[in-house]
Ligand SMILES: *Cc1c(COP(=O)(O)O)cnc(C)c1O
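Numbering (our numbering), first residue to last: 3 to 359.
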């Protein structure tokens, strides 16, 4: 069986050697030594001033909305993982979907302004597959209407834009370190804030809103453990190798697939990509379903990522039409991509795809 992804793991001995430091101290959570070390190293790697290691990549989206007191409308993308929309709903705000750019698959910044109302408080956009949103345009709209910008940068670890980490943009960026992501800690994530005061508040939120005996604000439990931090400390030094191995797979697909028959998202020129996904957009949903079935018969799994378009979620109470996102999400499929995917597997997958397109 070839899965759509396979978790990169360090050697077990390397992992336990790092974990032993926590073991020896009998300190396995609550801002332990390994969590602190991982945060320092991540800040350095990403070049950001404030970063908090969190339990996953979803709670930080909720914390971001909370810290800016967002309660009304949030302009957001329909082409993302369900966590993006859910975080808005969970915080009691209203998602206002703006359709996507058919090339980058990120929110179409040229359509944002028309969706701004008196109730708009924030823009929450996703750098889809690590492709940068139209950051400058979004910034200028946000300035004009005094909106907060929150990026769901769950796919963007190791990606850069204009020479800086893609995670350094926006008032807040969040990332996921889930086992299926390019850099992972098993479960985990982070939240990155631009301003000192915001970072201070997020630190409080992360552990119940209190510092010792001082109960200062509302809070939640978004902490992560030494077990997860240890995995991160093992994986971070390997990130260059991981991305290089993924790039190799990516290029091998490019060489084999009939790219004239398959549309792919467009990557920005002034950006580095982390090769997190290999999305292909077929000419029709019918072809997608045929390809998916043929691959599955050969023990190869793929993922409809993202499907459905989030404006179609059945629990939303008003329907907002996003024709481009709905169309693309019906035709896009992520092919297997992980560091240990073999050339012969890429060959087989490509042959099956090529026959059906
Ligand atoms: C993975 C992912 C998340 C959720 O991250 P978790 O760590 O699984 O909570 C959120 N948004 C996007 C776009 C993702 O791909």
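All C-beta atoms in this analysis are idealised placements derived from N, C-alpha and C, irrespective of residue type, glycine included. Only a predicted model underlies this, so the values are computations on that prediction, with no experimental measurement involved.
Residue i and residue j closer than 8 Å at C-beta
{"i": "residue 3", "j": "residue 221", "result": "no"}
{"i": "residue 154", "j": "residue 176", "result": "yes"}
{"i": "residue 1", "j": "residue 150", "result": "Nothing can be reported for residue 1: it is not among the residues displayed for the chain, which extend from 3 to 359."}
{"i": "residue 105", "j": "residue 131", "result": "no"}
{"i": "residue 240", "j": "residue 12", "result": "yes"}
{"i": "residue 90", "j": "residue 232", "result": "no"}
{"i": "residue 54", "j": "residue 234", "result": "no"}
{"i": "residue 168", "j": "residue 194", "result": "no"}
{"i": "residue 81", "j": "residue 102", "result": "yes"}
{"i": "residue 191", "j": "residue 62", "result": "yes"}
{"i": "residue 43", "j": "residue 238", "result": "yes"}
Residue i burial status per 10 Å Cβ neighbour count (16 or more: buried)
{"i": "residue 166", "result": "exposed"}
{"i": "residue 230", "result": "buried"}
{"i": "residue 183", "result": "buried"}
{"i": "residue 308", "result": "buried"}
{"i": "residue 122", "result": "buried"}
{"i": "residue 217", "result": "exposed"}
{"i": "residue 342", "result": "exposed"}
{"i": "residue 346", "result": "exposed"}
{"i": "residue 248", "result": "buried"}
{"i": "residue 142", "result": "exposed"}
{"i": "residue 353", "result": "exposed"}
{"i": "residue 256", "result": "exposed"}
{"i": "residue 316", "result": "exposed"}
{"i": "residue 68", "result": "buried"}
{"i": "residue 242", "result": "exposed"}
Paired residues, beta bridge with residue i - DSSP
{"i": "residue 191", "result": "56 and 178"}
{"i": "residue 151", "result": "125"}
{"i": "residue 162", "result": "167 and 274"}
{"i": "residue 98", "result": "77"}
{"i": "residue 209", "result": "223"}
Alpha-carbon spacing of residue i relative to residue j, whole angstroms
{"i": "residue 32", "j": "residue 211", "result": "14 Å"}
{"i": "residue 314", "j": "residue 267", "result": "22 Å"}
{"i": "residue 328", "j": "residue 140", "result": "22 Å"}
{"i": "residue 285", "j": "residue 214", "result": "58 Å"}
{"i": "residue 6", "j": "residue 120", "result": "43 Å"}
{"i": "residue 208", "j": "residue 294", "result": "41 Å"}
{"i": "residue 277", "j": "residue 72", "result": "33 Å"}
{"i": "residue 163", "j": "residue 292", "result": "36 Å"}
{"i": "residue 29", "j": "residue 52", "result": "24 Å"}
{"i": "residue 77", "j": "residue 326", "result": "16 Å"}
{"i": "residue 116", "j": "residue 99", "result": "11 Å"}
- Task: Can you check the segment 233-320 for any alpha helix (DSSP H) of at least 4 residues that lies completely inside it and give the ranges in chain order?
- Result: 241-258 and 287-299
- Item | Every unbroken alpha helix (DSSP H) inside the segment 18-88 [4 residues or more] | 35-48 and 61-69
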